[in-house]
Amino acid sequence: MRVLRSVSIAFVLVAPLASQSAYQERDFLTRVRRLTVEGRRAGEGYWSPDGSRVVFQSEREPGNPFYQIYVLDLMSGDTKRISPGIGKTTCAFFRPGTDEIEFASTHADPKSKQYQEDELAFRASGKERRYAWDYDPEMDIYAYSEKTGALKRLTEARGYDAEGSYSPDGQWIVFTSMRDAYNRQLSEKEKKQLDTDPSYFAEIYIMRADGSGQRRLTTVAGYDGGPFFTPDGKQIVWRRFDESGLIANVWMMNPDGSDQRQITDFGSMSWAPYMHPSGQYIIFASNKLGFENFELFMVDKDGKKEPVRVTYTDGFDGLPVPSPDGKTLAWTSSRAGGSGGQIFLAQWNHEKAMEALKNAPPKKPAGKS
Amino acid sequence: MREPFDFTAGTRDGGSTFSGTAKGARVACEAGCVRALSFSDTGNAEGPVVFAGYGIVVPEGQSFAYDSYATLDVKDKIVLVLRYFPEDAEAKTKQVLARYADLRYKAMAARQHGAKAMIVVTGPRSPNAGELAPMTFDTAIAGSGIVAVTINGATADKMFAAAGKRLEDVQKSLDDANPHAAGFAMPDVTAAVHADVVREKKTGHNVVAYLPATDALTTTAKPWVAIGAHYDHLGHGEAGNTLASKDDAGKVHAGADDNASGAAAVLSIAATLAKEKRHRNVLVGLWSGEELGLIGSIAFATAPPVPVDQIAAYLNFDMVGRMQDNKLTVQATGTSPMWAKIVEQANVAAGFDLAVQEDPYQPTDVATFNSAGIPCLSFFTGTHADYHKPSDTPDKIDYEDLDRVAAFAAAILRRVENTPEPPQFTKVEQQLQSGGGRAGVRVFTGTIPDYSSEAKGLLLGGVVGGGPAEQAGLQKGDIIVEIAGQTIANIYDYTYALDVLKIGQPAKVVYLRGGVRRETMLTPGARK
Ligand SMILES: [Zn+2]
Ligand SMILES: [Zn+2]
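So the sequences go chain by chain: L and W.
Numbering-wise, my numbering comes out as the position in the first sequence, counting from 1, plus 160.
Numbering-wise, my numbering comes out as the position in the second sequence, counting from 1, plus 23.
Structure below.
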């Protein structure tokens, strides 16, 4: 789950910005279509390198109230589960040039079945918890072979390991880990922090596609997460929270961790950044318009301009992922109502996006708007 | 094959009469002072009169007790009751009372207490004061087992005068809904009532055809699938559910979207399937009488040419010709655990911006098939400003997207048709908590709800031109979240909230437009 703490993917309405943009959602997104229907919620749809399939997570099987990973074939419409079916999973990604798909899973935890039953009993009692991601420390990253069905474990460390994605050449995985909370002596203050919010310890790591050579790239307190390579493989884009956990911004760095630089200064939770295949701009989600009102925005690759709003529909919009040809956008939205998000696709108007970014005013530092 | 069915096309008064005595003197009843209620038995009743207040009995288990008959003996007497429910009651109380204020329900209460007949008068403190209650057309018609008529205010006044009272004072004493305020016997008043209800019987026709399986699976359970749409509409608007403006009243209601579009989808799917291999027989139904209350499809399900337990699934089409922004609503998905999977798969190719509603209790024929225990779906492209008006014409149909809807539904049908195991049926609990029946909504707000929305609140599919909602500045796309202090989560909340609105009295409406909370005042009009 490339998501932040306790974000409710709920239907929430908040007053929009006072200033009106010259653009509307239909300037950027046309022919909106809903991709997933089954189950309580689905999200995080990532494209196969040839654009013919989407891998995503969904709660859709009666015995398991948690996300499992599915691959949907856009030609046939067929959907197949590729994760073990037990425990929680999240954040899948196709490995370019191979038959592998990585994702994070807790199935190796002997208690994971019990957690399923507990959650099902809780729901049967008629209660509904606000959607919250719990950063299960038993979460580890696996690579699944579509040919053999074999699962290869790539991380072992205690602490949440997830949010993995491959480099365009398929040789590297950049991911998020909270292992720093478990592999050293914590101060009293840090121990308290771990109890209330383990994501404080989340940092960006990189490893080879076989799990070897795991290396830490970020060292700043606060949740660093959701990393992806840029289409040329030369940069990593991710989001960094401040220590309060309330403000997040889009950052970029080199794959060796050098040249870390802040792209947005939007004064809100700006997260789930993903670079368009043109390499010109980053699409991300932000609650600029109200605490639980996430909309999609985009920003030029150097962060010189103010971000441009992309979605204008009530409900949650987040986790944008452009198709490899840049012509379609997949994202997660609660625009259809109901209790959870589902994956939507729309035609993406790259020319209009470039025009809107060109016309955007220069970046204003947050707080001085 | 034309399948005839009989139905009650309407009721009219065949010459009901009323005469009374007050202190021995005759109470004159001028022409037009009396009318039978549509559910009345045809017959005569004569006897002493007891005034039973609003004639409302709230069943046990509600938040408070209210029984107009608690202190009265009405056995073998004629009860006189007020129409509607106590006018000055608190909103919460009113909401409960309104549920048991339907005249049919009042008639049932009178009969159960042994009354010979029920006479209804619209009190001077109520909307439509002194007027006769209309003979509302009710297709679920069946005699109520009691003679029931409505008289005008002038006639009632004479009876109360004989008892030494004024109706207005009497009504006022009841209007705060104090459960201890009661009616009374009217010792010097008698009435003789003759009710004459003429039920017009007509014959409607469903049109049913089928495509036999070409490659029947020998092991197939439930060897049929079915598709259908209603092909009736509103004619010149005689039946009463027209939304035509005054200028357009009486014109032909073309019904291009409602529901030539659905009928076209059914024929197009049938034409497509006729050229393909079929593993199940495909029943093709065009229903009549939908606008009168689903009576064609109900007649079909009551005496089906194919046993309903042999039908694996039914797909319904009602208003599928006016797609906006690629949005398609698929209703009744809760009727089978299979639907979400099948709909998801078919939509990967079809590419609609789907809204999915589990609820099968929709105001269209799909409700009939759900009641028959058949997994079913209904397709709907949304309501619009021409809904139930003469302006629902063919030039406004989006034919290209109508074809897409048909192709999408055909893909869904194929999945069911060629799978040996039929979809399992799931019963969806009905959301509306039904009381004894509801008094017809008597305020007019001019809102057209969008039934396809599962948004929190009431999404407006449109507003009636010149109506109170339009005058209040409301428009299509607005979401009403609060009215007169009551929060609105869904259409049912909204209809109950309407019960407490007062005609001519502005009520605050809170709504969302483009995510912004706004307020306006809406002044409801009267619905006759
Ligand atoms: Zn219709
Ligand atoms: Zn209709």
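Heads up, the beta-carbon is just placed ideally off N, CA and C, and yes, glycines get one too.
Predicted model only: the values in this text are computed from it and were never measured.
In chain L, no part has a C-beta under 9 Å from the C-beta of K499(W); the shortest such distance is about 15 Å. The beta carbon of R193(L) sits closer than 8 Å to some beta carbon of chain W.
Around the Cβ of H203(W), a 10 Å sphere holds fewer than 16 other Cβ atoms; the residue is exposed. Note on geometry: alpha-carbon atoms of V80(W) and D474(L) lie some 44 Å from one another. Shown in chain order are the residues whose CB sits closer than 6 Å to a heavy atom of ligand 2: D281(W), E314(W), H411(W). Listed in chain order, the positions of the segment 352–367 of chain W with a beta carbon within less than 7 Å of a beta carbon of chain L are A363, K364, V366, E367. Per DSSP, F403(W) is one residue of the beta strand (DSSP E) stretching across 399–403. The segment 220–227 of chain W makes no contact with the segment 396–405 of chain W; the number of CB pairs closer than 8 Å stays below 3. By a beta-carbon distance limit of 8 Å, L317(W) contacts T391(W). Their separation comes to about 5 Å. Within the segment 370–383 of chain W, the residues whose Cβ lies closer than 7 Å to any Cβ of chain L are, in chain order, N370, V371, A372, G374, F375, D376, L377, A378, V379.
C-alpha of A293(W) to C-alpha of D384(L): approximately 57 Å in a straight line.
In the three-state reduction of the DSSP assignment, R421(L) falls in the strand class, which pools E and B. Counting C-beta atoms within 10 angstroms of its own C-beta, M544(W) has fewer than 16 neighbours from the protein chains shown and is therefore classed as exposed. Within the segment 250–320 of chain W, the complete beta strand (DSSP E) segments at least 3 residues long are 304–310, listed from N- to C-terminus. Inclusion of T387(W) in the 7 Å shell around ligand 1 follows from its C-beta lying nearer than that to a non-hydrogen atom of the ligand. Around the Cβ of S337(L), a 10 Å sphere holds 16 or more other Cβ atoms; the residue is buried. Annotation for D341(W) indicates a beta carbon within 7 Å of some heavy atom of ligand 1. For H259(W), the shortest separation between its Cβ and any heavy atom of ligand 1 does not lie below 7 Å. Comparing alpha carbon positions, the residue from Q354(W), F375(W), A326(W), Q368(W) closest to Q347(W) is F375(W). The DSSP-derived three-state label of H407(W) is coil. Following the DSSP letters along the chain, one finds I101(W) inside the beta strand (DSSP E) bounded by residues 101–105. Under the Cβ distance rule, N513(W) does not count among the residues neighbouring chain L, no pair being separated by less than 8 Å. Not one heavy atom of ligand 1 lies closer than 7 Å to the C-beta of H276(W). H253(W) has its CB nearer than 7 Å to a heavy atom of ligand 1.
Comparing C-alpha distances from S359(W) to each of D382(W), L377(W), T352(W) shows the shortest one belongs to D382(W). When DSSP states are grouped into helix, strand and coil, V371(W) belongs to the helix group. Beta-carbon to beta-carbon, L517(L) and V468(L) are separated by about 6 Å, close enough to satisfy the 8 Å threshold. The C-beta of G237(L) comes closer than 8 Å to at least one C-beta of chain W. Going by beta carbons, R106(W) and V144(W) fall inside the 8 Å limit. Excluding sequence positions up to five before and after A114(W), its CB lies within less than 6 Å of the CB of V523, all in the same chain and listed in chain order. Selection G319(L), P222(L), S404(L), R376(L) evaluated against T266(L) yields G319(L) as nearest (Cα-Cα). For D416(L), no CB of chain W lies under 8 Å from its own CB, so it is not counted at the interface with that chain.
Contact check between the segment 361–381 of chain W and the segment 188–207 of chain L: three or more CB pairs, one atom from each, fall below 8 Å, which counts as touching.
By the neighbour-count criterion, in which 16 or more other beta carbons inside 10 Å mark a residue as buried, Y302(L) falls on the buried side.
In the DSSP annotation of this structure, the continuous segment of the beta strand (DSSP E) that includes A208(W) starts and ends at 207–218. In the three-state reduction of the DSSP assignment, E277(L) falls in the helix class, which pools H, G and I.
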